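Have a look at the structure below before the remarks.
Number of protein chains: 4
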Amino acid sequence: MNIFNKTVMNVGEMASGAQLTVPVYSFVADKTDEKNNALNVYIQANMHGAEVQGNAVIFQLLELLKNINIKGDITLVPYANPVACNHKNGEYTLGRFDPITGVNWNRMYHFDESIIAPFAEKHMLSSDLKIADEFKKLMLNQIEQKLEHNIYGLTTGQKIAYQLQQLAHNADIVLDLHTGPISSKHLYCPEYAEQSAHFFDIPHTILIPNSFDGAMDEATFCPWWSLQHSFSHLGREFTMGKGIFNKESFTVELGSQEQIDLDTAHQDALGILSYLQQKGVISNTKFTPERMVRYACLLKDYKTLYSPMGGMVDYLAEFGVPLKKEQPLARILRMDNYGDGKPLHYIHLEQDVIPILHFASASVNQGTELYKVFRNFFVL
Amino acid sequence: MNIFNKTVMNVGEMASGAQLTVPVYSFVADKTDEKNNALNVYIQANMHGAEVQGNAVIFQLLELLKNINIKGDITLVPYANPVACNHKNGEYTLGRFDPITGVNWNRMYHFDESIIAPFAEKHMLSSDLKIADEFKKLMLNQIEQKLEHNIYGLTTGQKIAYQLQQLAHNADIVLDLHTGPISSKHLYCPEYAEQSAHFFDIPHTILIPNSFDGAMDEATFCPWWSLQHSFSHLGREFTMGKGIFNKESFTVELGSQEQIDLDTAHQDALGILSYLQQKGVISNTKFTPERMVRYACLLKDYKTLYSPMGGMVDYLAEFGVPLKKEQPLARILRMDNYGDGKPLHYIHLEQDVIPILHFASASVNQGTELYKVFRNFFVL
Amino acid sequence: MNIFNKTVMNVGEMASGAQLTVPVYSFVADKTDEKNNALNVYIQANMHGAEVQGNAVIFQLLELLKNINIKGDITLVPYANPVACNHKNGEYTLGRFDPITGVNWNRMYHFDESIIAPFAEKHMLSSDLKIADEFKKLMLNQIEQKLEHNIYGLTTGQKIAYQLQQLAHNADIVLDLHTGPISSKHLYCPEYAEQSAHFFDIPHTILIPNSFDGAMDEATFCPWWSLQHSFSHLGREFTMGKGIFNKESFTVELGSQEQIDLDTAHQDALGILSYLQQKGVISNTKFTPERMVRYACLLKDYKTLYSPMGGMVDYLAEFGVPLKKEQPLARILRMDNYGDGKPLHYIHLEQDVIPILHFASASVNQGTELYKVFRNFFVL
Amino acid sequence: MNIFNKTVMNVGEMASGAQLTVPVYSFVADKTDEKNNALNVYIQANMHGAEVQGNAVIFQLLELLKNINIKGDITLVPYANPVACNHKNGEYTLGRFDPITGVNWNRMYHFDESIIAPFAEKHMLSSDLKIADEFKKLMLNQIEQKLEHNIYGLTTGQKIAYQLQQLAHNADIVLDLHTGPISSKHLYCPEYAEQSAHFFDIPHTILIPNSFDGAMDEATFCPWWSLQHSFSHLGREFTMGKGIFNKESFTVELGSQEQIDLDTAHQDALGILSYLQQKGVISNTKFTPERMVRYACLLKDYKTLYSPMGGMVDYLAEFGVPLKKEQPLARILRMDNYGDGKPLHYIHLEQDVIPILHFASASVNQGTELYKVFRNFFVL
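Chains as they are written, first to last, in this note's numbering: chain A, 4 to 383; chain B, 4 to 383; chain C, 4 to 383; chain D, 4 to 383.
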């Protein structure tokens, strides 16, 4: 039976002095066998406070991994952001941002693009392995500088994000477990890793380009992707997803926030194991992805629709099913207009879409996010 | 076709000077026929900000009542509390209390028990009709005093509650439409009106005694119930639910908060019409209550269970189905204990219960409300 | 040099499993000298999250008490409510109530009046000392029952309050350190202890009757006061403030919330020592109360004034200075009325008052608390 | 006496249907005199909810401007953001961002830099006046596109910001009235307009470069500054601050949030009139700037200092006074460490600074903003 080592990482301190800690579960694979160059894996959950289901998935992964043949290192971090995870706002958990500054907790990771070109120039003649080693060292060194030499310069979220990023930079595969508000399952996948989306049990994939906006997945694959571009520019060709560039990072959206369902989590864990087996991280198992139609769209076609009016929304469109432009997405009730105006407004779009998620509450202001949908979608 | 008259009631003013208004829909029945002494009805919704489904029910009631023979006055008030209804707190609507003071919006109605005994003494020899008239006048007069002669003494919630109470005191039947957090349908019903619970399409009833705690339903029936007691004490007997004491008031809990479902609202509206027909407010229709097992318990047996620990809850128990004491109510995940403690805790109770509602979020602190359940329940 | 012993009390658990603890500093006096029956003291701070200055006062008290001759036991508890103290809501600390339920953190202490009469009857013939001992035991036993035998019945706030109350019940003198929103210093003092108000350096005193509303001060003196009444009713006379009824409990309002000022805290600590010296808890020192006019009013005359309109308030009246009825208390700006209405509204009262505190923000809704003032005030 | 015309702009709609409106006060100058090419002015206040003092300044400006000789158009907008202005979160007003998304209300204005180069190329030979006219038209047209042709694409904040920006684009001088949390007065001033900083009664100036980050001031001057650069690049030279590029835009930070002080507002209004007179917008008056030492620093030297620990802060450093590196900025109380750790921590910096503002609450988490300070400051 595999034993996961548990350590505790100190990531924050509250006004009363209460320490906020994050448990880290890690399995170090036996790589004495020279042929074992299995990929290393980092999985975290609950960076956004209300998005708790990933913790249950990590629970089920740990239970399942006990009895599996593991070839790469695997690190799992539930409750990745205890500040957010403990911040109740009324009955609910404040989801997505630092309640003091408004900055999204998942937009605080570090990537300084200016390091890429000089590194590529310096290592034009280095061996692949040396490039991989030195680049990882460089990235880790940058994070350490930020954490250690910056006494009055670290925000609450950066202190957390940078420590998590240290763990992620040591892995080849990174899974950041999130959820939507009220949502179907979907996957953010870098464009070059499209083939891997077939191994998850997730029917909707958003293909994202090489552009860094502060999120964990981007912070993990953008540096390597940019490095590959930079080498290519200088005339040395590598392929993303191959050799030392065999790096993949996904944001896995597990469904709706504010919910724990351990049975569903077991299914989600099996889907992740199916992917890990395919990547050679675990072996001697028989996890196979479910058969399903997998829809995808490009990030630029993943559109947020904002409410054109204030009111109370009856969300009509089913997630994951293509919605014809004749069909209503939602209807908005405006009882104040009853009798002398229009009390029911139907929301229609001008093209077919696949609804992926909707807002968590029926009450919306003008300009509140209603739905996120796939436009120009295709079968993966 | 019946026409409902619409007026707008000014109930609040925000810091920018923005006025907060409440629409009031009223139908005044033709009572020129001397035999028509049909009861008058008052229905309101959305006193708690997140409990929006009642607005949809009022929409469907208005649609249905257009073509029904109405014999009593009917007044309907959606968006009864625009302060609460517009108060978003993150993605969600702050549900239950004034965000500045913490006082529950549904605990601000007025009833001064000290008026009862003197009134009964004074009217020992008055006719029934005179008693009914004078008592209504007295209650309305008290509210008016509070609203008009108290320039620095009215809180935000009192200004709203008292105006709604003026409308309610003019009715014989009062329905206050609420919802639970995540909840089955249930009904708060005064003990003397138990028979009426059979006419709603609601499978769970909480029978409440004559004790005033500030809520709309209590504020409507407690004065009459107390008056009847007082007369009885003096030797003049009336029966609650009969004659001038034919007063009924219910809090109707329509399901879960933060949701609008117009189709379900149509069903809920039919259930309310079934009750109104039974009370003679509408006629020539054929609304019949659904056949179902109706469970009930006394208010003292409607128990709130608080979480004995912090953690993330997988709510297991199904609403409305008796739960044997061997069966778990919920399980609480504590990933921080994985590996060196107990990561899963099952919640078991010491007696059979019927789960009615649970907390809106999976994340709970020690002492957060988990479930509300019927103990010592019985079939109505 | 006196050494204070430090222990840590576990009072809560958050969703991530993070423990919330409260530090307890205690000095146990040498009472081997039979003549030393000095009173015991309990002091706590920060029950309301934003009211932090009491922590600084406890810091200064601990520093000062190091070198003072202490005759009674003294227990000091800063950060008494870590749930509230750590709950940031935007930039500010959510002050006064459980953010999930709205219940005021300082209304959750326990006192069951029904125990009083039977206890008095049972102990009509007991010695004074036995009465004191047994009554304390009874109260502590009740709290223990609540804490230990009530697995699903404890709210977040009760778990904290009851543990603090255990410490308080072991003392004769209780000081609960609070602050107002934006506020002068003032003192809540039981009517029978009026003389003690002269020993604090606090210019405003509210005299409170024997009525329990859930607060720490009431939870501490009401049981004894009620017991004394009950004995008196049965014909055995004791005097509140004398002998075994030498119990005093105050809520000390130190000024404004959201502020720490260690220099002012030093002054406040000296004021408290002046009181403790007068009560014989410390000796051989020369703390004397400041000379000042001390105003007081009865609790029923301590009035909250609510804003008659929404708007932005320029708070004009100075704290602590009698305000003639001709003088404006505040003026409210309503720029939306500029040009076609009245943009400035002056608030005048109908009698002289002493303004004690005002709301923390300039922005108010209709019905928001504006000021709290003494009416019918007198010099103590 | 000058008469300001009042109109009302509809900027939002809440869940209940309540309309949120903004009053707009405008004076249209008589420009029939050909020599009158006075600059037009736009002034707004309260874009951030808690920053209310600007409304009082607009009140005083309107009062003062009644009797002044006005030569340019002047538009004044108090309560610019009624969503933020009405959003109470506990006692306080949620200050800086959309409570649903976390996006700063003052980061939603529009500027699409890609329009600049093509415009400059197209208008290389156009007259100055035509350039000015056409560029304004282009900017207004872009905003109109965003507002009108984007039914599901407008967030709550964009709907407000774009409407305000339409007013601002019609002016040459823009003043956006803000406040800090607890703060001295300071001014954000574009580098090219440094001389104008001398005419305000504000002792601290931050000089900002031509880089757009979504704020009102940037959205107003960046387009013109970029256009001037673009023309220069093509060989046609203009000077910022002269001729058709006589455009200035400032964010005026009036002091602390959550406060209205009409007397101080009068002084602030005089300072603004001093500037407007200097720019020729008003005449025949004798407003002169106060004599004071005016300190400045570059935006890159305006540093935010984050707390290295959780705790309760005694803010020591005085605003506006150079702080020697030996002097403490603040001290942080950690009562949980009393007795077995370090209860007081002094914050020292490694260079001299001028403290400008500090956080609004004494309670901070690790990583909460403590102070903002000028480094490398100089006398303007």
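Here a beta-carbon is modelled for each residue, glycine too, at the ideal position from N, C-alpha and C.
In this text the structure is predicted, and so the values were computed from the model without any measurement.
Residue j beta carbon less than 9 angstroms from that of residue i
i                      : j                      : result
residue 93 of chain B  : residue 308 of chain A : no
residue 244 of chain B : residue 75 of chain B  : no
residue 60 of chain B  : residue 257 of chain B : yes
residue 145 of chain B : residue 119 of chain B : no
residue 184 of chain C : residue 213 of chain C : no
residue 364 of chain A : residue 318 of chain B : no
residue 273 of chain A : residue 336 of chain B : no
residue 332 of chain C : residue 358 of chain C : yes
residue 30 of chain C  : residue 5 of chain C   : yes
residue 150 of chain A : residue 165 of chain A : yes
C-beta neighbour in chain D for residue i, strict 9 angstroms
i                      : result
residue 21 of chain B  : yes
residue 111 of chain B : no
residue 453 of chain B : Outside the displayed span of chain B (4 to 383) sits residue 453 of chain B, for which this structure offers no information.
Residues that residue i bridges to, as DSSP identifies them
i                      : result
residue 256 of chain D : D:181, D:189
residue 271 of chain B : Bridge partners of residue 271 of chain B: none, in fact.
residue 300 of chain A : A:209
9 angstroms Cβ cutoff, residue i in contact with chain C
i                      : result
residue 295 of chain B : no
residue 3 of chain D   : Nothing about residue 3 of chain D can be reported from this structure: the residues present for chain D run from 4 to 383 only.
residue 158 of chain A : no
Contacts around residue i, its chain only, beta-carbon distance under 8 angstroms, and the 5 residues preceding and following it disregarded
i                      : result
residue 296 of chain D : 206, 382
Close-in-space but distant-in-sequence residues of the same chain around residue i (CB under 7 angstroms, 5 per side omitted)
i                      : result
residue 142 of chain A : 172, 226
Within-9 angstroms CB hit, residue i to chain B
i                      : result
residue 263 of chain A : yes
residue 231 of chain C : no
residue 61 of chain A  : yes
residue 215 of chain C : no
residue 223 of chain D : no
residue 342 of chain C : no
residue 24 of chain D  : yes
residue 15 of chain C  : yes
Beta-carbon contacts of residue i that lie in its chain and below 6 angstroms, excluding the five residues immediately before and after
i                      : result
residue 233 of chain D : 119, 120, 123
residue 46 of chain D  : 79, 178
Partners in chain B for residue i, counting only beta-carbon separations shorter than 8 angstroms
i                      : result
residue 368 of chain D : Going along chain B, no residue has its Cβ under 8 angstroms from residue 368 of chain D, so there is no contact; the nearest lies around 18 angstroms.
Contacts of residue i in chain B (Cβ-Cβ under 7 angstroms)
i                      : result
residue 311 of chain C : 154, 155
residue 88 of chain D  : 18, 19
residue 91 of chain D  : 102, 103
Interface partners of residue i on chain A, CB under 7 angstroms
i                      : result
residue 364 of chain B : 94, 95, 96, 261
Interface residues of chain A facing residue i [CB-CB closer than 8 angstroms]
i                      : result
residue 182 of chain D : Ordered by position in chain A, no residue passes the 8 angstroms Cβ test against residue 182 of chain D, which lies about 17 angstroms from the chain.
residue 107 of chain D : 105
Residues that residue i contacts on chain D, provided the C-beta gap is smaller than 7 angstroms
i                      : result
residue 315 of chain C : 55, 58, 263
residue 7 of chain C   : 342
residue 65 of chain C  : 341
Neighbour list for residue i in chain C, Cβ cutoff strictly below 7 angstroms
i                     : result
residue 28 of chain A : By Cβ distance, chain C contributes nothing, its closest Cβ being about 14 angstroms from residue 28 of chain A, past 7 angstroms.
Chain C residues whose Cβ lies nearer than 9 angstroms to that of residue i
i                      : result
residue 161 of chain B : 309, 370
C-beta neighbour in chain A for residue i, strict 9 angstroms
i                      : result
residue 352 of chain D : yes
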